[in-house]
Amino acid sequence: MKKEELDCRVFKTIQKVTLSSFEYIEGYYNPKRTHSANNMLTPNQKEQIYFESL
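Going by the UniProt record's numbering, the residue at position 2 of the sequence shown is 2; the numbering climbs one at a time, nothing skipped.
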């Protein structure tokens with residue numbers, strides 16, 4: 001996340017850093033970014049499969 005989002009921008013307040021981090025995680029990382037450790041599923045997909053298996 002640091003390399004992909006935070007290093008690319010200058011923030012004036014900690015609140016803007018917090019909001020940007022939240023938007024990145026919830027808007028891109030969890031729903032769209034696949035991971036080899038999750039068999040190329042997104043974190044949201046992996047979580048959904050986990051809860052469906054309970």
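Even for Gly, the Cβ is constructed at its ideal location relative to N, Cα and C. Just so we're clear, the structure is a prediction, and the values are computed from it rather than from any experiment.
- Secondary structure at L54: coil, using DSSP grouped into helix, strand and coil.
- Within the DSSP secondary-structure output, L41 pairs in a beta bridge with H35.
- Boundaries of the alpha helix (DSSP H) harbouring I14: I14 to Y24, taken from the DSSP string.
- Straight-line spacing of the CA atoms in Q45 and F11 works out to 31 Å.
- In this structure, the beta-carbon distance from R33 to S20 does not fall below 9 Å.
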